[in-house]
Structures are given as structure tokens and as C-alpha cells.
Amino acid sequence: MSAVLTALIFFLTFPVCAAPPTRSPSAASTAHIKVGGVAYVDARVFLTRLGLKATWVERGKTMRFQSAKDKIELEADKRDVSLNGLRVLMGEPAVFRGSTLYVSRIDANQLFLPILRPSSVTSPPVPGLRVIVIDAGHGGQDTGTRNKQLNLDEKGFTLDVAKRLRGLLVSLGYKVVMTRTSDRFVSLQERADIANRAGADLFISIHFNAVGGAPSVRGSETYTMTPRYQRSTGSPLRDPSDDVDNPGNRNDPWNTLLGYHLHRQMLGKLGSVDRGLKRARFAVLRLVNCPGVLVEAGYLSNDDEARKIGTPAYRADIAEALANGVQEYASSISAAKK
Ligand SMILES: [Zn+2]
């Protein structure tokens, strides 16, 4: 089947520009249902068309989808998916109805499709990749998170990783713009403005995490902009603000693809605990006009991980993983253009 025809079939069956939840999905097809106001599609039908073979791991509960290169495990009533060994958070849980496992239409279009077959994403067009903006989180009076006991501040580590990443990306031939190169305060709006003024093709925001009262929590998380009409990973319920069309939503499918590659490379390189590929409407992700990602590479509130982050070797590994992720993303979008 030609790529054009395949793309057309996808567009007709699962429009990539997802309709608002208030609009009825195609009621004529048994592959579509609505649960709690959310449109769902038959996971088996959708993923089989992407070349994956479906088998029940536990009937009525867990289904495995596999091809030569991809492997997914979906579980009813869960937003967590195992996708090629990574923890990925859907916007809505999978649901089991009748004898069928369903995923939300937006997850099908904005999460699975760009990762599994970026060439079938029909809108927006495949982005270019020349100018990369690196955003070192925090700075100046905004120290970010800190480990008081070990006297470690987030703002210095984000800048160090950003500079290392800049070196790697420049040597790969990209034009790199930094939102800061010294210990100074830059507002969130200004960070996005710098990217938009530079005509950025990619925006990477670097952070480290912390959680109070849970010193054992550690690992790496990657965030992309929450797709329009979906709730963020941390939101238990939908909210009218989910329907707002933010600049960061122009690239919903490409945000996912970027986040997937960076998260995958980070986990592979660091061997850190997989805290998931997640969605949030962080200001910088909301305001940028290009595909964007925010990485929380590790937890400063975990003493063991904080000590690692405190070593130049570990920060060099983080930068290398992110550069490798950019290269994987570049290969994917380049293949999708053909
Ligand atoms: Zn931060």
C-alpha cells in the first residue's frame, strides 16, 4: 500500500486533529465508543493497522501488541503503558468493554501513531531541525530544588548539563541557542520568547527533581506538552482549560516523538529508575512554537542519586543521552519525510 493511501486511511479513520470530546465519534462503527465523554477506539484494530500483532496476556485485562521492532502492553483501567520497555503515560486509561480493549482516540493519534509510525502523521507537517534551544532550568535567585544535607542546588547542574549538551549538538552541526549561559534569573515567558524569536525547531528544558518526605523516590521523568482536549498526567479529572489551544499544542504528535526518544536514550544511558514519559502544561512547553520537551533527569531529594548528579561524569552522561535522543528524533523525522 502506498504511503499516501495509508496516510489517507488513517486520516479518515482516526482524524489526527482530534475532535472536541463533545462531538460524537462515528457511532456507525463498532470500533468507536464513548466512555465518560471521551472517544475511544478499538486498540486491536488501530494497532494491527500499524503492523502489530495482538495477543491477550490475560483475557479481559492485559493485551500485548508486537511487531519486529515494537512491543506494547496495555492494561485495562490503567494509564500506564509499557512501550518498548519504557513507562509511558496515556492521557486516559485503557478500557475493556464487551470483549474489546479500547484506547482513547487522542492517545491513539497523539501518542501511539507518532511513535510507532511518524510517517502516517498527517498534521502538522513533519518539522525541520536546524535551530535547537537549550533551556537550563532556574538560575539567579531561583535556585530550583536543592539537597540541603549535601548542599547541592539544581540551578548549577541544569546549566552544566545545558553547556555540555550545547557542545555536543554544535559538534553535530546544529545551531544552538541558550536561554541562559550564566547564573541569572530568566522568567518562564522569556525562555519561550527566546526560543520563538530564534525560530527554534526544538526546545529542550533541563531540570532535576525533588519530592519532600519521600527520600527513596528517584529516577528520570520526561515531560511533553499535554495534548489539547486531554488532562495532564498529574490531573485526576478533566478541566475546561484542557480545551485551550496553546502554542505548544501545534506540535502535539511531534512533542510525543521527541519526548519518547529523549526518555528512551536517558533511561538507556543512565540506567535510572523509569518514572515515565508524562504530560504537563508547564509554561515553557505551553508557550513554545516548536516541538518541546522538559526532562527531570534525576531526584536531588534522593541522596544516592544527588551524589551521582553531583559528579561531572554523570552529568556528561545525561548530556550525551540527550544528544543521542536528538539524533534519534532527527532520524525519525527524516524517515517520516520520505
Ligand atoms: Zn526545576
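Per this note's numbering, the sequence shown starts with residue 75, numbered consecutively.
Where a beta carbon is used, it is the ideal one built from N, C-alpha and C, also for glycine.
Here Leu157 is buried. Its C-beta has 16 or more other C-beta atoms within 10 Å. In the structure shown, the three-state DSSP call for Gly110 is coil. Residue range 160 to 163 is occupied by the beta strand (DSSP E) that includes Arg161. At a Cβ-Cβ threshold of 9 Å, Ile189 and Tyr248 do not count as neighbours.
In this structure, the C-beta of Thr296 stays at least 8 Å away from each heavy atom of ligand 1. Within 10 angstroms of the beta-carbon of Leu341 lie 16 or more other beta-carbons, which makes it buried.
In the assembly as shown, Asn225 is an exposed residue. Its beta-carbon has fewer than 16 other beta-carbons within 10 Å. CA-CA distance, Gly125 to Lys143, rounds to 10 Å. Under DSSP, Gly350 shares a beta bridge with Glu295. If you check the C-beta of Phe259 against ligand 1, you find no heavy atom less than 8 Å away. Residue pairing for Ser178: DSSP places it in a beta bridge opposite Tyr114.
Thr385 and Pro314 have their C-alpha atoms some 44 Å from each other. Looking at the backbone, the Cα of Ser279 and that of Asn183 are separated by about 25 Å. DSSP, reduced to helix, strand and coil, places Val260 outside both helices and strands of the structure shown, so it counts as coil. DSSP, read as helix, strand or coil, puts Phe282 in strand. Residue pairing by DSSP puts Gln140 in a beta bridge opposite Lys127, Lys145. Here Pro310 is exposed: its Cβ has fewer than 16 other Cβ atoms, across all protein chains shown, within 10 Å.
Taking 8 Å as the cut-off, one finds at least one heavy atom of ligand 1 near enough to the beta carbon of Thr232. Residues whose Cβ lies closer than 5 Å to any heavy atom of ligand 1, listed in chain order: Gly211, Gly218, His281. Within the same chain, Cβ atoms closer than 6 Å to the Cβ of Ala380 are found at Asn221, Leu224, Leu226, Leu374, the five residues on either side in sequence being excluded. Leaving aside the five residues that flank Val235 on each side, the residues in its chain whose CB is nearer than 8 Å to its CB run, in chain order, Ala210, Ile280, Ala371, Arg389, Ile392, Ala393, Leu396. Residue nearest to Val115 within the set Val131, Lys229, Asp316, Asp181 is Asp181 (criterion: CA-CA distance). For Glu402, the enclosing alpha helix (DSSP H) starts and ends at 386 to 411. Of the candidates Arg254, Val260, Arg171, Arg171 places its Cα closest to the Cα of Lys108. Taking every protein chain shown into account, the CB of Trp328 has 16 or more other CB atoms within 10 angstroms, so this residue is buried. Our two residues, Leu359 and Leu351, have alpha carbons roughly 14 Å apart in a direct line.
When rounded, the separation of the alpha-carbon atoms in Leu276 and Leu148 is 30 Å. Assignment of Ala272 by DSSP, reduced to helix, strand and coil, places it in the coil class. The three-state secondary structure of Asp209, taken from DSSP, is strand.
Here Ser346 is not near Gly399, since their CB atoms are 9 Å or more apart. Rounded to the nearest angstrom, the gap between the Cα atoms of Arg338 and Gln215 is 33 Å. Residue burial annotation: Pro199 is exposed, with fewer than 16 other C-beta atoms found within 10 angstroms of its C-beta.
At a Cβ-Cβ threshold of 9 Å, Val362 and Gly322 count as neighbours.
Here Arg238 carries a helix assignment [DSSP, helix/strand/coil]. A distance below 7 Å between beta-carbons, with the five flanking residues on each side excluded, links Pro167 to the following residues of its chain, in chain order: Asp151, Lys152, Arg153.
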